[in-house]
Amino acid sequence: MRLLLIEDDPMISEGLTTALRQSGYAVDAVGDAQTGKLSLANEKYDLVVLDLGLPDGSGLDILKKLRSRHDPIPVLIVTAKDTLKDVVTGLDSGADDYMIKPFELEELEARIRVLLRRSEGRASPILTWGNMQLNPATHSFSVDGKQIILSAREFAVIYALMENPASVLSRQQIEEKIYGWNEEVESNAIEYHISQLRKKIGRDIIRNIRGVGYVLENKQ
Amino acid sequence: MNSIRHRLLLSLLVGLLISTAIMIGVACIDTTNELQGLFADNLRRMAVVIEEQTFTPTQGRNTVQSADTAELEESYVIQTWDGYGNLLHSSRPSVNLPLQTEKGFSQVNAAHRIWQIYTLKADSGYVQIAQPQEIVATMIGESALRALFPLILLFVLMVIGGWVAVGRSLTPLNTLSRTISEWDANNMQPLRISDAPSEIQPVVSALNNMLLKLDKAMSMQQQFTADSAHELRTPLTAIKLQLENLIRAPSEQDRQYAVGKLSEGIDRCIHLASQLLIASRSMAVKAEPEFHKVRLAEIVRSSISSFVIVASEKAIEISFENETPGDMRGDEEGLRVLVNNLIDNALRYTPEGGQVAVRLYSETGKTILEVGDDGPGIPKNERDRIFQRFYRIPGTTATGSGLGLSIVKNVADNHNAAVSIDGGLRQLGATIRITFPVSA
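For the protein sequence lines, the chains are A and B, in the order given. The working numbering applies: residue 550 is where the first sequence begins, and numbers increase by one. The working numbering applies: residue 9 is where the second sequence begins, and numbers increase by one.
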């Protein structure tokens with residue numbers, strides 16, 4: 550899951566990035582509207598966390614631009630603007646949710662999960678594939694009802710695969726989903742995470758299609 | 009006696025009393041004179057009639073003893089005397105009144121009474137008619153009382169009328185005070201001048217002016233409080249996140265990192281809080297504060313020495329070029345805050361290894377303080393806005409409160425000093441120049 554964080558306060562940006570990365574999201578953080586627009590135009594994100602008061606304009610402009618080109622990407626506004634008018638304007642401009650600073654990190658993460666779930670067209674918070682179950686909220690993953698402890702990266706990889714169970718994800722696609730820009734990715738990182746996963750959940754669950762990428766084995 | 013109604017009524021009453029008293033006095037004197045004249049005239053006429061009847065041979069002597077005169081006996085004493093002074097007749101022999109030698113009117117004290125006497129000298133004797141003075145007085149008193157009654161009635165009516173009229177005239181004042189008593193901090197409607205009588209219009213317009221000023225001051229204060237609360241949210245949000253990250257830190261290394269970040273966040277909150285306090289103080293000093301003789305050079309020197317450690321941590325070279333002692337009258341605390349903020353700002357935004365140059369000199373009689381740096385500088389189009397509260401230049405990464413320069417501006421304004429911005433050192437950064445009007 551790759552998130553774009555548009556927030557001008559360096560401390561909040563840093564704190565949120567740290568927290569979200571620890572939760573297994575790939576996070577790109579930008580501090581102004583211009584860079585935010587550029588990032589959205591050039592990269593594919595699963596969700597945007599948007600601050601409204603940006604130094605070079607309002608976050609609402611970014612939002613309106615996104616919606617004007619019919620981009621359905623979930624947008625969660627996180628701002629200090631707390632009047633009813635601000636909230637209504639934010640939501641009516643196309644935001645999917647609105648949170649007021651200071652917020653509870655847990656709640657922010659829960660709302661992010663809800664938005665991701667809805668954008669994937671799922672009603673249930675739990676992803677299921679064959680005998681595997683993944684709960685993004687509790688960060689838990691089980692096979693045949695048995696809990697398996699995964700690292701944040703391993704969890705992110707299996708999450709990405711289970712989210713798109715019928716399609717093959719290239720190594721680069723997986724990388725994009727689990728690493729932010731400024732995170733150093735070693736060339737064999739994805740292979741490493743996949744091999745670690747295979748050790749924990751079984752060799753034949755993730756299939757490698759040579760030259761294309763990875764896909765979950767259809768067991769049904 | 010601070011009530012207008014009471015004052016008006018009192019002066020009205022005093023006036024009424026005095027004029028009524030004068031009226032009564034004049035009426036009494038008039039009546040007395042008139043009645044006395046009337047009585048005297050009466051006496052004289054009676055004397056003439058009696059003289060004719062008594063001393064004219066053609067008429068009978070007893071005519072005087074008519075029923076009419078009998079009635080008068082109580083109040084009159086009628087005496088006739090012959091030419092030699094022998095009493096011929098007295099209507100009341102019990103009252104012994106001597107013959108007056110002087111003709112005309114006279115007064116005699118006899119038989120425990122004062123008598124008003126008229127003596128008429130005829131050819132063959134005297135006629136003397138006397139009347140007790142008290143009867144005259146009683147009659148005068150009675151008629152005076154009759155004249156007094158309408159005056160007293162008039163007095164009472166005028167007091168009542170005055171009370172009502174004064175009360176009515178004061179109604180606009182009462183309405184005004186009711187309107188004002190309904191004012192509160194959130195609802196201060198200006199008064200309608202046209203509603204007020206012309207006498208209190210100056211008061212109303214003064215009140216309205218004061219209201220306007222108060223409203224402005226209050227909305228400034230409210231804006232400041234709102235802005236402050238808003239600005240506090242951001243660092244508090246950061247702290248909350250940093251704390252959450254500390255709680256969640258998966259490893260000792262992560263925990264160390266999170267503790268460092270949390271500490272930075274708290275420092276930032278403390279800085280903001282103290283800047284807010286200073287800002288609110290510098291805002292409050294609007295009237296000429298108690299200015300004392302100060303030496304600006306000393307303030308700059310002590311400020312720089314308090315920043316030496318911060319500067320050396322960032323390897324910033326800080327210099328002070330002191331060409332004038334900068335003696336002036338000023339608010340020492342305010343000036344200290346001003347200098348501290350200028351130097352703090354310069355150090356905050358200048359990157360490591362940079363320079364901060366402070367210069368104090370005088371030019372055409374003015375004392376000028378300059379703080380220059382070789383940091384990122386202030387773009388020309390931002391130079392007006394950076395003095396606004398909480399305004400921070402876009403893309404600024406150093407943590408500041410956004411209050412420093414607005415505080416500087418407030419203090420400078422209090423000293424009638426001009427603030428200007430120029431390019432900084434080595435074609436980099438910015439110089440902030442404070443020009444104090446006179447070097448004393």
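Note that CB positions come from ideal geometry on N, CA and C, so glycine has one too.
Spatial neighbours of A:Ser-689 in its chain, beta-carbon cut-off 7 Å, leaving aside the 5 residues before and after: Numbered from its first residue, the first sequence carries residue 689 of chain A at position 140. So the qualifying residues of the chain are Gln-696.
Test: A:Ile-561 CB closer than 8 Å to a CB of chain B: By 1-based counting over the first sequence, the position of residue 561 of chain A is 12. Using a Cβ-Cβ cut-off of 8 Å, A:Ile-561 counts as an interface residue toward chain B, since at least one Cβ of chain B sits closer than that to its own.
CA-to-CA distance, B:Tyr-84 to B:Asn-50, given in whole angstroms: For this step, residue 50 of chain B is matched to residue 42 along the second sequence. For this step, residue 84 of chain B is matched to residue 76 along the second sequence. About 11 Å.
Coil, strand or helix - B:Asn-10 by DSSP: Indexing the second sequence from 1 puts residue 10 of chain B at position 2. Taken through DSSP and simplified to helix, strand or coil, B:Asn-10 comes out as coil.
Cutoff 8 Å: A:Gln-571 Cβ touching any chain B Cβ: Your numbering for residue 571 of chain A matches position 22 in the first sequence. With 8 Å as the cut-off, A:Gln-571 counts as an interface residue toward chain B.
Rounded straight-line distance, which links the Cα of A:Pro-685 to that of A:Ile-555: The residue given as residue 555 of chain A occupies position 6 in the first sequence. The residue given as residue 685 of chain A occupies position 136 in the first sequence. Approximately 23 Å, taken between the alpha carbons.
Identity of the residues DSSP links to B:Lys-129 by a beta bridge: Numbered from its first residue, the second sequence carries residue 129 of chain B at position 121. Paired residues: B:Tyr-134.
First and last residue of the uninterrupted alpha helix (DSSP H) at B:Arg-248: Here residue 248 of chain B corresponds to residue number 240 of the second sequence, with the count starting at 1. Before going on, a small fix: residue 248 of chain B reads as Lys here, not Arg. Here the alpha helix (DSSP H) through B:Lys-248 covers 209-256.
Between the CA atoms of B:Ile-312 and A:Val-734 - distance to the nearest angstrom: Residue mapping note: residue 734 of chain A aligns to position 185 of the first sequence, counting from 1. Residue mapping note: residue 312 of chain B aligns to position 304 of the second sequence, counting from 1. Each residue's CA atom was taken as its position, placing A:Val-734 and B:Ile-312 some 46 Å apart.
Identified DSSP bridge partners for B:Val-1: Nothing in the structure corresponds to residue 1 of chain B, since chain B is present only between 9 and 448.
DSSP-derived helix/strand/coil call for A:Pro-559: As a first step, residue 559 of chain A must be located in the first sequence, where it is residue number 10. Reduced to three states, the DSSP call for A:Pro-559 is helix.
Under 9 Å from the C-beta of B:Lys-269: neighbouring residues of chain A: Numbered from 1 along the second sequence, position 261 holds the residue referred to as residue 269 of chain B. Correct list: Met-560, Glu-563, Gly-564 and Thr-567.
Alpha-carbon to alpha-carbon, B:Ile-415 and B:Gly-373: Reading the second sequence from its first residue, position 365 is the one you call residue 373 of chain B. Reading the second sequence from its first residue, position 407 is the one you call residue 415 of chain B. Straight-line measurement puts the Cα of B:Ile-415 at about 25 Å from the Cα of B:Gly-373.
Members of the stretch 619-642 of chain A that neighbour chain B once the beta carbon cut-off is set at 7 Å: Listed by position along the chain: Ala-629.
Proximal chain B residues relative to A:Leu-654, where beta-carbon distance stays under 7 Å: For the purposes of this step, residue 654 of chain A is taken as residue 105 along the first sequence, with counting starting at 1. Within chain B, the residues Leu-249 and Glu-252 have their CB atoms less than 7 Å from the CB of A:Leu-654, given in chain order.
A:Leu-639 vs A:Leu-676 beta-carbon contact at 8 Å: Locating residue 639 of chain A in the first sequence gives position 90, counting from the first residue. Locating residue 676 of chain A in the first sequence gives position 127, counting from the first residue. Note on residue identity: the sequence assigns Gly, not Leu, to residue 639 of chain A. In this structure, A:Leu-676 does not lie closer than 8 Å to A:Gly-639 by Cβ.
Short Cβ contact (8 Å threshold) for A:Pro-651 with B:Leu-244: One-based indexing of the first sequence puts residue 651 of chain A at position 102. One-based indexing of the second sequence puts residue 244 of chain B at position 236. Taking 8 Å as the Cβ cut-off, A:Pro-651 and B:Leu-244 qualify as a contacting pair.
Sequence-distant residues of the same chain with beta carbon closer than 6 Å to B:Ile-143, five excluded per side: By 1-based counting over the second sequence, the position of residue 143 of chain B is 135. Once the five neighbours on either side are set aside, the close Cβ partners of B:Ile-143 are Ser-83.
Contact with chain A by B:Ala-438, beta-carbon distance below 8 Å: As a first step, residue 438 of chain B must be located in the second sequence, where it is residue number 430. It does not: the Cβ of B:Ala-438 has no partner Cβ on chain A nearer than 8 Å.
A:Thr-632 - containing beta strand (DSSP E), residue span: Here the question's residue 632 of chain A lines up with position 83 in the first sequence. First-last for A:Thr-632: undefined, no H or E at that position.
Interface residues of chain B facing A:Lys-613 [CB-CB closer than 9 Å]: Against the first sequence, residue 613 of chain A aligns to sequence position 64. When 9 Å is used as the limit between beta carbons, A:Lys-613 is near no residue of chain B, the shortest such separation being about 20 Å.
Top-ranked residue by Cα proximity to B:Val-167, from B:Arg-391, B:Leu-16 and B:Asp-203: Position 159 of the second sequence, counted from the start, is the residue given in the question as residue 167 of chain B. Taking only the C-alpha atoms, the option nearest B:Val-167 is B:Leu-16.
Nearest candidate by alpha-carbon position, reference B:Leu-436, set B:Gly-383, B:Phe-444, B:Thr-443 and B:Arg-241: Residue mapping note: residue 436 of chain B aligns to position 428 of the second sequence, counting from 1. If you compare the alpha carbons of B:Gly-383, B:Phe-444, B:Thr-443 and B:Arg-241 with that of B:Leu-436, the shortest gap goes to B:Gly-383.
Per-residue burial, B:Leu-18 [other beta carbons within 10 Å of its own, 16 or more giving buried]: Taking the first residue of the second sequence as position 1, residue 18 of chain B is located at position 10. Classification for B:Leu-18: exposed.
Residue span of the alpha helix (DSSP H) that contains B:Val-316, given as start and end: Walking along the second sequence from the start, residue 316 of chain B turns up at place 308. It spans 304-321 - the alpha helix (DSSP H) in which B:Val-316 sits, taken as one unbroken run.
For A:Asp-577: DSSP bridge partner residues: The sequence position of residue 577 of chain A within the first sequence is 28, counting from 1. DSSP lists A:Leu-553 as the beta-bridge partner residues of A:Asp-577.
Simplified DSSP assignment, three categories, for B:Pro-180: By one-based count along the second sequence, residue 180 of chain B stands at place 172. DSSP places B:Pro-180 in helix when its eight states are reduced to three.
Beta-bridge pairing of B:Glu-325 - partner residues as DSSP gives them: Here residue 325 of chain B corresponds to residue number 317 of the second sequence, with the count starting at 1. Bridge partners of B:Glu-325: B:Gln-363.
Exposed unless 16 or more other CB atoms sit within 10 angstroms - verdict on A:Arg-666: Within the first sequence, the letter at position 117 stands for residue 666 of chain A. Buried is the call here.
Bridge partner(s) assigned by DSSP for A:Leu-599: In the first sequence, residue 599 of chain A corresponds to position 50, counting from 1. Looking at the DSSP assignment, A:Leu-599 forms a beta bridge with A:Ile-555 and A:Ile-626.
Interface flag, A:Pro-714 vs chain B, CB-CB below 8 Å: Counted from its first residue, the first sequence places residue 714 of chain A at position 165. For A:Pro-714, the answer is no, since every Cβ of chain B falls outside 8 Å of its Cβ.
As assigned by DSSP and simplified to three states, the class of B:Thr-28: Position 20 of the second sequence, counted from the start, is the residue given in the question as residue 28 of chain B. Of the three classes helix, strand and coil, the one that applies to B:Thr-28 here is helix, per DSSP.
Between the CA atoms of B:Lys-301 and B:Met-218 - distance to the nearest angstrom: Within the second sequence, the letter at position 210 stands for residue 218 of chain B. Within the second sequence, the letter at position 293 stands for residue 301 of chain B. Roughly 33 Å separates the two Cα atoms.
Close-in-space but distant-in-sequence residues of the same chain around A:Phe-704 (CB under 7 Å, 5 per side omitted): Along the first sequence, one-based indexing puts residue 704 of chain A at 155. So the qualifying residues of the chain are Gly-573, His-688 and Phe-690.
As assigned by DSSP and simplified to three states, the class of B:Pro-158: By 1-based counting over the second sequence, the position of residue 158 of chain B is 150. Reduced to three states, the DSSP call for B:Pro-158 is helix.
Residue from A:Leu-683, A:Thr-628, A:Arg-720 and A:Leu-746 whose Cα sits closest to the Cα of A:Gly-760: Within the first sequence, residue 760 of chain A is the residue found at index 211, counting from 1. With distances taken between Cα atoms, A:Gly-760 lies closest to A:Arg-720.
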